[in-house]
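Encoded as structure tokens, the structure appears first; notes follow it.
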Amino acid sequence: MSDQNIRSESYSHMVNMIEEARIHGKLVRLSIVKGRGVQMNIPCKILNFDEESRNLAVYHVDDKQVHIVNMNEIDDFIISS
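See below:
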């Protein structure tokens with residue numbers, strides 16, 4: 000299996016997890032890395048996902064703010080059960 004196929008499958012899996020969490024309103028913990036190595040942990044709900052731009056609109060449940068996160072910034076993605 001080529002590297003391109005592996006990347007494509009992992010991207011598809013990530014998109015499926017994002018959509019499932021969004022549809023069912025599940026709480027998600029995102030570990031993201033912003034510019035200059037700034038790390039953030041965000042407990043949130045996914046409001047929207049734009050597959051073309053790969054941006055997620057997420058509602059930070061502690062700060063009660065909406066953040067835009069690009070998929071490239073996501074280091075870890077945990078869905079609450």
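Number 6 in numbering that gives the first Met the number 0 belongs to position 7 of the sequence shown; there are no gaps in the numbering. Here a beta-carbon is modelled for each residue, glycine too, at the ideal position from N, C-alpha and C.
In chain order, what residues of the same chain have a beta carbon less than 7 Å from the beta carbon of A56, not counting five sequence neighbours either side?
As a position in the sequence shown, residue 56 is number 57, starting the count at 1. Excluding residues within five positions, the ones whose Cβ falls inside 7 Å are L46, N47, V65 and I67.
Between the alpha carbons of Q38 and V32, how many angstroms are there, rounded?
Along the sequence shown, one-based indexing puts residue 38 at 39. Along the sequence shown, one-based indexing puts residue 32 at 33. Whole-angstrom Cα-Cα distance: 5 Å.
In chain order, what residues of the same chain have a beta carbon less than 7 Å from the beta carbon of C43, not counting five sequence neighbours either side?
Taking the first residue of the sequence shown as 1, we reach residue 43 at position 44. If we look at C43 and ignore the five residues flanking it on each side, its Cβ neighbours are V27, L29, V57, Y58, H59 and V60.
Just mark I77 as buried or exposed, buried being the case when its beta carbon has 16 or more other beta carbons within 10 Å.
To locate residue 77, count along the sequence shown from 1; it is residue 78. I77 is exposed by the Cβ-count criterion.
Buried or exposed for I22, please, with buried defined as at least 16 other CB atoms from any protein chain shown within 10 angstroms of its CB.
In the sequence shown, counting from the first residue as 1, residue 22 sits at position 23. So I22 ends up on the exposed side.
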